[in-house]
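Numbering (this note's numbering), first residue to last: 148 to 951. Below you'll find the structure, written out as structure tokens, and then a few comments.
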């Protein structure tokens, strides 16, 4: 009997190709979208998950702002971890990481730039559950000037040779020679901090790069610090005790902890190792995944019940010859299983085709490996189970058809028999509108951030930050850079040159975060944090930073050393409501008086974060040059020619050094990359959801037209025009879209308003976003139903009324 049911179900699906295609296509799009989103969600949630990771926490700093503690830096002090471990027995281990970002590694006169690594304690490998492909895991990071490298870096430096025992040089501030003591094992594990190499922390004491730092004091706060607690530790209680622990002699600061597993999605602090993800974005994508698969299932319900009206006579005959309700249910479920099988199969084909494009769209690196396949099983299990559950409603509904009406072939449900269908369609419109509104709002916010002025002109500004490999005295090095600045300034395609520690969007790594300052009125503040960096006199003109009061550093070289320029937020920070009053005032920090020469309205970090108090110190020499190109030739060849001229001048002065450059506007825009990719992903899946909803609407239109066939025929016999019939069939769509629109507005506003709280400066949720959403959905809905409505309106009424 089951084989017979299978054959009958398969023949029915072959006979009704359009019905089968719409169901299979909708399910395939829904399943493929659901699987891709769920893989992406699992990818983002899998950061820093390893054996024992549930007991590992990162230590970070809280600072005071307006009388209350707020999350501060992601980094802590060099003594933070040790102090916490020594004071609380439930803390078993502590670990420090000092980032050595964008260093240059040299092996046999071959230099490799932009290599990232960290200085770390010997217990890194054990605490972070990291293994070596070569080397002794217990001793690899014990001795000074020991280095463990990744397999990728080992391949780059040594090819197929065994790197153990070989030496290499790392240039970061200064040069140091290291011995390779280990090679990291290849892994697909994802982490909030990635290292191409690890250097033993015992190298810290004698490495010249840290000659101005102290290994045993509270003066240094540039260390990612982690603790490992005993299993079963009361974390809430431990956190309270850690927050109460004094931070050296500092007031207004305290330690805090967060699970290492939560950093990637829930932490967005200054001095993060990398740009992290967003838990809110993941929740929104997860909601899209549920909506898309739910729309696919609702389509099946609508289309199946629609088609069942045409199969009423078949159902009646089966009942007359003895078919029982359970048998009819089984046959309907058999059709559902066949549709599900082909839908999942087509979804697998779509996944194979679009998987690489999804990686590009989302900006992640998913692979078809065993781990991915393991994650697929519960997802597909959920899809199959959900398909069966949603198939039960039409199966049961078909089995309850009355015999008399069924044999007549015109089954008419009771007036209250199928209200669920209209509810489901309104729900489809509602979900589609919320998703589309979300797409428009997210895109508007990103464009708002990109187009908003930060108080600087980044166009055609190039940062030259190559690594000087030649060994020379500091005085000669500074002299060479001054010469470099002059010679580049004489190039015909260069508009200006300046020296600075950093540039807009350059992140926090080249800034100093400080507490402890004396205001102009003599008030001392040792609690709130502020930032500073150094630049020369040309910096403001080159970057197009306008002054709202005062001006840049004075030309007299003897008087520049104690001068600063502040931003408007810093003026308010030191208690001045009128920023012009700041000019000429003196503040004291680092045991030194500094005179404020000017005030700028300038946002260094971008619009995702609040404007922080910032000052710019005068610095006469620096290893980083900023070059403003004249922009007369913006073609690719013109840019290459300009960069080639810069490289020629650089190589003339530093022939053995690496030449590296970055366009500042691209670096600044990179901080929004994740948001842009999220917006693109959100938009694509919203459009797919609208397509699935359109397929469901087509099915409902078919049902409505079928149910009102006789009415249409009678109206046409009595003189109704095609336009009147079209209005009759389409007026319900207007009601459903209108109802869905009314319901979607508060829901969409709430969700997007909450999402916008992630940004310090945010766009408005304008009325036209709602109008655009409603209008677009209405147009798509009317277009979708037009074909079926037109077909019903132009059918000869004689054919409609013949059987009466």
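Ideal Cβ placement from N, Cα and C applies to all residues, glycine included. Note that the structure is a prediction, hence the values are computed from the model and not measured.
When the Cα atoms are used, residue 745 and residue 597 turn out to be separated by approximately 27 angstroms.
Secondary structure note for residue 679: its beta strand (DSSP E) is the uninterrupted segment 677-682. Comparing C-alpha distances from residue 678 to each of 688, 659, 282 shows the shortest one belongs to 659.
Leaving aside the five residues that flank residue 759 on each side, the residues in its chain whose CB is nearer than 6 angstroms to its CB run, in chain order, 678.
Counted as a single uninterrupted DSSP element, the stretch harbouring residue 896 is not any beta strand (DSSP E) but the alpha helix (DSSP H) occupying residues 869-903. The Cβ atoms of residue 392 and residue 202 do not sit closer than 8 angstroms to each other.
The residue from 324, 830, 340, 220 with its alpha-carbon nearest to that of residue 353 is 324.
Between residue 747 and residue 605 a beta carbon distance of about 15 angstroms is seen, past the 8 angstroms cut, so the two are scored as non-contacting. With distances taken between CA atoms, residue 337 lies nearest to 411 out of 394, 411, 293. Under the criterion of beta carbons closer than 8 angstroms, residue 573 and residue 835 do not qualify as touching, at roughly 20 angstroms.
Your pair residue 929 and residue 880 checks out as a contact, with CB atoms roughly 6 angstroms apart and the cut at 8 angstroms.
Within the model, the alpha-carbon separation for residue 727 versus residue 305 is close to 59 angstroms. Per DSSP, reduced to three states, the secondary structure at residue 810 is strand. For residue 651, the closest C-alpha among the options 885, 494, 602, 537 is that of 602.
In summary, residue 504 is exposed, with fewer than 16 beta-carbon neighbours lying within 10 Å of its beta-carbon over all protein chains present.
Residue pairing for residue 672: DSSP places it in a beta bridge opposite 664. If one requires a minimum length of 4 residues, the alpha helix (DSSP H) runs lying completely within the stretch 159-198 are 164-192, in chain order. For residue 408 and residue 593, the gap between their C-alpha atoms comes out near 28 angstroms.
Counted as a single uninterrupted DSSP element, the stretch harbouring residue 742 is not any alpha helix (DSSP H) but the beta strand (DSSP E) occupying residues 739-747. Shortest Cα-Cα distance from residue 184 to any of 413, 204, 892, 832 involves 832.
Residue 420 carries a coil assignment under DSSP once its states are collapsed to helix, strand and coil.
Of the candidates 741, 445, 629, 885, the residue whose Cα lies closest to the Cα of residue 842 is 445. When only Cα atoms are considered, residue 838 and residue 442 end up about 10 angstroms apart.
Nearest to residue 917 by alpha-carbon distance, out of 351, 889, 635, 405, is 889.
Within the same chain, and ignoring the five residues on either side of residue 239 in sequence, the residues whose Cβ sits closer than 7 angstroms to its Cβ are 375, 376, 377. Secondary structure within the stretch 757-809: the alpha helix (DSSP H) runs of 4 or more consecutive residues, fully enclosed, are 783-800 (chain order). When the five nearest sequence neighbours on each side are left out, the beta carbons in the same chain lying within less than 7 angstroms of the beta carbon of residue 175 are those of 490, 493, 494, 497, in order along the chain. By DSSP's assignment, residue 319 forms a beta bridge with 321.
For residue 216, the closest of 300, 402, 345, 730 by C-alpha to C-alpha distance is 402. The straight-line gap separating the alpha-carbon atoms of residue 196 and residue 814 is approximately 30 angstroms.
Assignment of alpha helix (DSSP H) within the stretch 366-451, counting only whole runs of 4 or more residues, yields 382-391, 410-413 in chain order.
Bounds of the alpha helix (DSSP H) holding residue 302 are 298-305. The stretch 668-682 and the stretch 785-804 do not touch, with fewer than three beta-carbon pairs separated by less than 8 angstroms. If you draw a straight line from the Cα of residue 867 to the Cα of residue 595, it is about 52 angstroms long. With 16 or more other CB atoms across the displayed protein chains lying within 10 angstroms of its CB, residue 371 is buried.
Residue pairing by DSSP places residue 216 opposite 211 in a beta bridge.
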